[in-house]
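Here the structure is laid out as C-alpha cells; the discussion comes afterwards.
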Amino acid sequence: MAQPFEILRLPTLALQNVLQFLNPIELFELSQCSQKTTSIIPLAGTKKFKCRINVSSEYIAINNYVFRVERNSCKTGSELRGDRKFIGTIVDVAHISEHEIMSFWDNIYIGLKNVLFQVTKVFKCPIDSFESSRTMSGKIYNSIIDFISTRQSEIKKLEIAADSLTDEDVMRIFGDLKITEDLEMWYRFSRSQTIPFNTQSVLIWHSYWITPTHLSGMKNCIIIDLKQSTLTDDDMKWFLESWKSGEYPNLEYLSIKSFELSRSFTVFGLPSLEDTVNPHFFKKFVLGEQRIVYGAIDIQRDDGVAAKIHFDIKDSIVDLLVL
Amino acid sequence: MTSPASSSEVKYLIESSEGNTFDVSGAALRQSNTFNAMFLNIGADGPIPFTDYNEATLKKVFEYCEHSVNEENYSGPKHQDDLSKWDLNFFNEMDQKMFIDVINASNFLDIERLTSYCCERIARMLRGKNTQEMIKVITLPTAEELEAKQKVEEKKAAAAKKVAEKAAETAEKTETLEELPVQQLVQTTRNKLTRKYLSFSNE
Numbered sequence: 297m298a299q300p301f302e303i304l305r306l307p308t309l310a311l312q313n314v315l316q317f318l319n320p321i322e323l324f325e326l327s328q329c330s331q332k333t334t335s336i337i338p339l340a341g342t343k344k345f346k347c348r349i350n351v352s353s354e355y356i357a358i359n360n361y362v363f364r365v366e367r368n369s370c371k372t373g374s375e376l377r378g379d380r381k382f383i384g385t386i387v388d389v390a391h392i393s394e395h396e397i398m399s400f401w402d403n404i405y406i407g408l409k410n411v412l413f414q415v416t417k418v419f420k421c422p423i424d425s426f427e428s429s430r431t432m433s434g435k436i437y438n439s440i441i442d443f444i445s446t447r448q449s450e451i452k453k454l455e456i457a458a459d460s461l462t463d464e465d466v467m468r469i470f471g472d473l474k475i476t477e478d479l480e481m482w483y484r485f486s487r488s489q490t491i492p493f494n495t496q497s498v499l500i501w502h503s504y505w506i507t508p509t510h511l512s513g514m515k516n517c518i519i520i521d522l523k524q525s526t527l528t529d530d531d532m533k534w535f536l537e538s539w540k541s542g543e544y545p546n547l548e549y550l551s552i553k554s555f556e557l558s559r560s561f562t563v564f565g566l567p568s569l570e571d572t573v574n575p576h577f578f579k580k581f582v583l584g585e586q587r588i589v590y591g592a593i594d595i596q597r598d599d600g601v602a603a604k605i606h607f608d609i610k611d612s613i614v615d616l617l618v619l
Numbered sequence: 067m068t069s070p071a072s073s074s075e076v077k078y079l080i081e082s083s084e085g086n087t088f089d090v091s092g093a094a095l096r097q098s099n100t101f102n103a104m105f106l107n108i109g110a111d112g113p114i115p116f117t118d119y120n121e122a123t124l125k126k127v128f129e130y131c132e133h134s135v136n137e138e139n140y141s142g143p144k145h146q147d148d149l150s151k152w153d154l155n156f157f158n159e160m161d162q163k164m165f166i167d168v169i170n171a172s173n174f175l176d177i178e179r180l181t182s183y184c185c186e187r188i189a190r191m192l193r194g195k196n197t198q199e200m201i202k203v204i205t206l207p208t209a210e211e212l213e214a215k216q217k218v219e220e221k222k223a224a225a226a227k228k229v230a231e232k233a234a235e236t237a238e239k240t241e242t243l244e245e246l247p248v249q250q251l252v253q254t255t256r257n258k259l260t261r262k263y264l265s266f267s268n269e
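Respectively, the protein sequence lines represent chains F and P. The numbering of the first sequence is my numbering, which starts it at 297 and goes up by one. The numbering of the second sequence is my numbering, which starts it at 67 and goes up by one.
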C-alpha cells in the first residue's frame, strides 16, 4: 500500500480503533494535518487523558508524553521537524524522543500558554494540575486560570504563584475552581482571607495570615505544611489538642514553622518535644512523597493512633508524623 | 444449505452484492458478532444477505475467519511482529481498495480480530511520524475539494433556509385561519368558492 491511505474514509469504529493505537504526540501531529483530522482526534478517547502544566520545568504533560517549551535561542543544534500551529502562532518544533516534542518560542510563558490551549483544545481533556512559577506574569497566569475555569469546575492540583497577582485575583480563583487534592500557595495575601481548605494537601509558603480559625478549616487534610506562620504557643497547643482528640482524622503529616513559638514550646505535658538522647529518623510516604522527622517523641491520639512529634528549636518548626 | 449453527460442520450460504452465493462454515461465521446476534440462534432460511459487500471482499473476510477458526479466543490487539507468516501474506496481498473494503465489511460483521489487525496495520503507517510525514501517508481533501464541499453545504443551507421560511409562512397562514371562529371560517370558504364559481361562469 504505497499510495496515500484514505484514512478519513474509514468507518467511525475502525477509525477509532486506528487512533487508539497512537500516542498523544502522534495524535497531536495528526491533528496538525487538517481541520478534519483535528476533529477526529477525540475518537481516540483523549477526553480521558491527563493534562498537567508545569511552568518551572517548562512543559505540558499529556499522560506521560511531554510537550516541552524552549527559547528560540536554544534552537541551534536541535533537529527541527517543521513548524506547528499553536492557537494561531506558528513555531518550529523538534522531536526529542518518542515521548517528548519541543516547540521554540520568544517568550516561554506565552509558549506554555499556547501549547496548553492547543493540546487541550485538540484532546478536549481536563487540566488536572497547574504548577506555576513566581516569575510568570500575573496576566498570563490569570488567562490560564480563566481558560481552565471556563472548561472545568475542579482541578486536582493548583499552585498559586505569579508575578503581581492581587488578592482579588486569588480570591476569584477560589470562587471559580474547586481544588481537590493539592493546594500550594506562594502568593502573599495583603490581609487575612477566608479560603476553602478542602484539599488533601495544603502548602502555604507565606502563612503569616493563617489563624486557628483557618486551621480548623483543614480538618480533612492529609498534609498540612505552613511556612512563615505567626501561630503562637497557645495556637499550636490548641491545634495539637484538637488533633489528639480526633478532630483531624486524616492528618498524616504536619509541619508548621512559626517564629512566634517560644523556645520552650511543648504540649501534652511533655517536658520536651525533642529526643536528644537517642535521636532517630522516622520516614513515611505520604501522598507519594517521603516525609521525614528526626529526633521525635512518641505520642498517641486518644483513639490509640501512634505518631511522632518534634519541635526544632533552632528553626522553630513543629513536625508531626502519624504512623 | 442453512440451519441453526449448532455444529461446526454446518455450512451457510452467503449472498454478496452481485447476488452471488457461496458457502461459509458455521465456525468461521461465528467469529462475526453481527452474525451471532442475528442468526446464530434462529437460523436462516435461504442465503444470508450481506449485500452491501461484494463477493471478493466477503470471500477475503471469510478466508481470514476460516483460517483463524482454531485460534484461541481474541484477547486484544496483537503486535504486527507477532503475526504469523500466513497473516502477513493475507494482509500484504491486498491493494488499498480491497483493504478498505475488508475493514468496512469486517467492521459491519464485527469480527474483532480482523478489524483490530487491520487498524493496527494502518496505525503503523502513522506511528513515529511527524505532521509532514503523515500528510504524505494519508490522503486529505484538496483545497478544491474543500471548496466544492463548502459550496454544496452553502447550497444546502440556502435550501434549508427557504424551506424554513416557507414553513414559517404556512404556519402563519394556518395560525390566521385558526384564529377565525368556525362559523366565520365556513362563511369565508363559502365566499371564496362562490367567487370562484362566478369567475368560471363569467368565462
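All C-beta atoms in this analysis are idealised placements derived from N, C-alpha and C, irrespective of residue type, glycine included. A quick note: this is a predicted structure, and the numbers were derived from the prediction, not measured.
Asked                                                                                                                                      : Found
Completely contained beta strand (DSSP E) runs for the region 470 to 536 of chain F, where each covers 3 or more residues                  : 474 to 481, 497 to 500, 519 to 525
Contact with chain F by N170 of chain P, beta-carbon distance below 7 angstroms                                                            : yes
Min CB distance I177 of chain P to chain F below 7 angstroms                                                                               : no
Test: S83 of chain P CB closer than 7 angstroms to a CB of chain F                                                                         : no
L243 of chain P (DSSP reduced to helix, strand or coil)                                                                                    : In this prediction, L243 of chain P has a pLDDT of 48, which is less than 50 and means its spatial position is unreliable; what the coordinates show is noted afterwards. Correct three-state label for L243 of chain P: helix.
According to DSSP, residues forming a beta bridge with H576 of chain F                                                                     : According to DSSP, H576 of chain F bridges with nothing at all.
Residues, ordered as in the chain, of the region 297 to 326 of chain F that lie near chain P by beta-carbon distance below 7 angstroms     : M297, Q299, P300, F301, E302, I303, R305, L306, P307, L309, A310, N313, V314, F317, L318, E322, E325, L326
Inter-stretch contact at 8 angstroms, needing at least 3 Cβ pairs: the region 596 to 610 of chain F / the region 560 to 571 of chain F     : yes
Backbone secondary structure at V248 of chain P - three-state DSSP                                                                         : Caution applies to V248 of chain P, whose pLDDT of 47 falls short of 50 and renders its modelled position unreliable; the value that the coordinates give is listed next. Correct three-state label for V248 of chain P: helix.
Cutoff 7 angstroms; reference R261 of chain P; Cβ partners in own chain excluding five residues on either side                             : Note on R261 of chain P: pLDDT 46, under 50, position unreliable in the model; the coordinate value appears next. Here the set comprises nothing.
The beta strand (DSSP E) enclosing L79 of chain P, as first and last residue numbers                                                       : 77 to 81
is_contact[M200 of chain P, chain F] using C-beta, thresh 7 angstroms                                                                      : yes
Under 7 angstroms between C-beta atoms of R348 of chain F and S425 of chain F                                                              : yes
Closer than 7 angstroms to chain P by CB, G378 of chain F                                                                                  : yes
Chain-ordered chain P contacts of H395 of chain F [CB-CB under 9 angstroms]                                                                : Those within 9 angstroms of H395 of chain F in chain P number zero; the least Cβ separation is about 12 angstroms.
Heavy atom of the ligand FMN within 6 angstroms of L583 of chain F beta-carbon                                                             : Absence of the ligand FMN is noted for the structure shown, with no ligands found whatsoever.
Same chain, Cβ closer than 7 angstroms to F156 of chain P, five either side skipped, listed in chain order                                 : Y130
Within chain P, the residues that Q328 of chain F reaches when beta carbons sit closer than 7 angstroms                                    : T197
Nearest candidate by alpha-carbon position, reference L617 of chain F, set F:Y355, F:K533, F:Y590                                          : F:Y590
Length at least 3, wholly inside the region 404 to 448 of chain F: the beta strand (DSSP E) runs in chain order                            : 423 to 427
7 angstroms Cβ cutoff, C131 of chain P in contact with chain F                                                                             : no
Touching by the beta-carbon criterion (3+ pairs, under 8 angstroms), the region 432 to 450 of chain F and the region 416 to 424 of chain F : yes
Straight-line gap, E354 of chain F to S512 of chain F (C-alpha atoms, nearest Å)                                                           : 36 angstroms
Chain P contact for A603 of chain F (CB, 7 angstroms cutoff)                                                                               : no
For K77 of chain P, the nearest candidate out of P:M104, P:D161, P:D153, P:R96 (CA to CA)                                                  : P:R96
Endpoints, beta strand (DSSP E) assigned at M398 of chain F                                                                                : 396 to 401
Residue burial classification, I506 of chain F (beta-carbon count within 10 angstroms, cutoff 16)                                          : buried
C-alpha gap between M467 of chain F and I456 of chain F, whole angstroms                                                                   : 11 angstroms
Backbone secondary structure at S335 of chain F - three-state DSSP                                                                         : helix
Helix, strand or coil at R380 of chain F [DSSP, three-state]                                                                               : strand
Burial state of T431 of chain F, where buried means 16 or more other Cβ atoms lie within 10 Å                                              : exposed
Selection from F:W482, F:K474, F:I386, F:N313 that minimises the alpha carbon distance to Q414 of chain F                                  : F:I386
Chain F within 7 angstroms of N86 of chain P, Cβ atoms only                                                                                : no
Through-space distance from E231 of chain P to T333 of chain F, alpha-carbon basis                                                         : 35 angstroms
Three-state secondary structure (DSSP) of F101 of chain P                                                                                  : helix
One or two residues paired with V618 of chain F in a DSSP bridge                                                                           : F:A603
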